[in-house]
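Enquirer:
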Amino acid sequence: MTEKPNTAKPGAGEIVLRYFAWLRERTGVSEERLILPPGILTVGDLLRWQSQRGHPFDQAFAKPEAIRVAIDHTHAKAAASIVSAREIAFFPPVTGG
Amino acid sequence: MSVRVLTADFAISEEMDRLTSGNTEIGGVALFVGKVRGDVDGEALASMTLEHYPGMTEAELERIEGEAQRRFELSASLIIHRVGELKPGDNIVLVITCAPHRKHAFAAAEFLMDYLKMYAPFWKKETFANGATRWVAARDSDDEAAAAWAANSE
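Read top to bottom, the protein sequences are chains A and B.
Residue numbers for the first sequence follow the working numbering, so the first one is 550 and each next one is one higher.
Residue numbers for the second sequence follow the working numbering, so the first one is 373 and each next one is one higher.
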């Protein structure tokens, strides 16, 4: 399958990725907007993509079992679909209270 | 029923008075306050910084509060959680539950804290007196407490 050039208008198809706590520190990013490559359909796909994305994401995502994900402010499991997601957040297990 | 995320401290008795005022259905009020301890495994703590996920935090706290209302006979409830830099002795979290009878007030307060610790997107970073910093790791016992509540509802 050949990748088509991105002809979408600015903003269309873009997703917001957010990072918290040590994931924010290790990636050096708190928020980014991007268009994901095709074929990333689930949370698990997205975690795999992050772990193969290169420095510093590969190291931050080296242990995906230690990372929690939320889709549009709702906790999501690895099998959850991200197809209609607008904002996806990555963070360690929560430690409030 | 309400949830708030604040940097400022909360006034416990004012919050309780506001929550219970005029509601004569209430027969018992349970109140939990979480505070910053001065040491961690013998190491002196200088401060604790709480980060959260604005938007999701409020949504999760409201979801958790709604779940408590379904499980218990509650007349009123309140969750306040602080964020930002806190010092040893500072308040972190306030949970108030009001019910016609004490058992539901006690149980709902414990439930709210167990679920908050499991689901609400807050993260604590400790700064020690020697300058070292460390993100607090989640405790398995918190997951087990939330799992026990989930098993109870089945």
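Here a beta-carbon is modelled for each residue, glycine too, at the ideal position from N, C-alpha and C.
Everything numeric in this text was worked out from a predicted model, so none of it was measured.
Would you mind reading off the limits of the beta strand (DSSP E) that contains B:N463?
Expert: Taking the second sequence and counting its residues from 1, the one referred to as residue 463 of chain B is at position 91. 463 to 471 is the extent of the beta strand (DSSP E) around B:N463.
Enquirer: Based on the DSSP output, what are the partners of A:T653 in its beta bridges?
Expert: The first residue shown for chain A is 550 and the last is 646, placing residue 653 of chain A beyond what the model contains.
Enquirer: Give the DSSP-derived three-state secondary structure of B:D413 in the structure shown.
Expert: Taking the first residue of the second sequence as 1, we reach residue 413 of chain B at position 41. Coil.
Enquirer: Contact criterion: CB-CB distance below 8 Å. Does A:W598 meet it with respect to chain B?
Expert: For this step, residue 598 of chain A is matched to residue 49 along the first sequence. Judged by the 8 Å Cβ criterion, A:W598 is not in contact with chain B.
Enquirer: When the distance is taken between beta carbons, is B:V405 closer than 8 Å to B:A477?
Expert: Along the second sequence, read from residue 1 onward, the residue named residue 477 of chain B stands at position 105. Along the second sequence, read from residue 1 onward, the residue named residue 405 of chain B stands at position 33. Cβ distance not < 8 Å, so B:A477 and B:V405 don't count as in contact.
Enquirer: How would you list, in chain order, the residues of chain A whose beta-carbon sits under 8 Å from the beta-carbon of B:F494?
Expert: Working through the second sequence from its first residue, we reach residue 494 of chain B at position 122. The answer, in chain order, is V643, T644, G645, G646.
Enquirer: Identify whether A:G562 lies in helix, strand or coil by the three-state DSSP scheme.
Expert: As a working mapping, residue 562 of chain A is identified with position 13 in the first sequence. Of the three classes helix, strand and coil, the one that applies to A:G562 here is coil, per DSSP.
Enquirer: According to DSSP, is A:L572 part of a helix, a strand, or is it coil?
Expert: Along the first sequence, read from residue 1 onward, the residue named residue 572 of chain A stands at position 23. Here A:L572 sits in helix by DSSP.
Enquirer: Suppose only complete runs of 3+ residues qualify. What are the beta strand (DSSP E) ranges in the stretch 579 to 609 of chain A, listed by chain order?
Expert: If we require 3 residues or more, the beta strand (DSSP E) runs fully inside the stretch 579 to 609 of chain A come out as 580 to 583.
Enquirer: If you run the structure through DSSP and keep just helix, strand and coil, what is B:T499?
Expert: One-based indexing of the second sequence puts residue 499 of chain B at position 127. Strand at B:T499.
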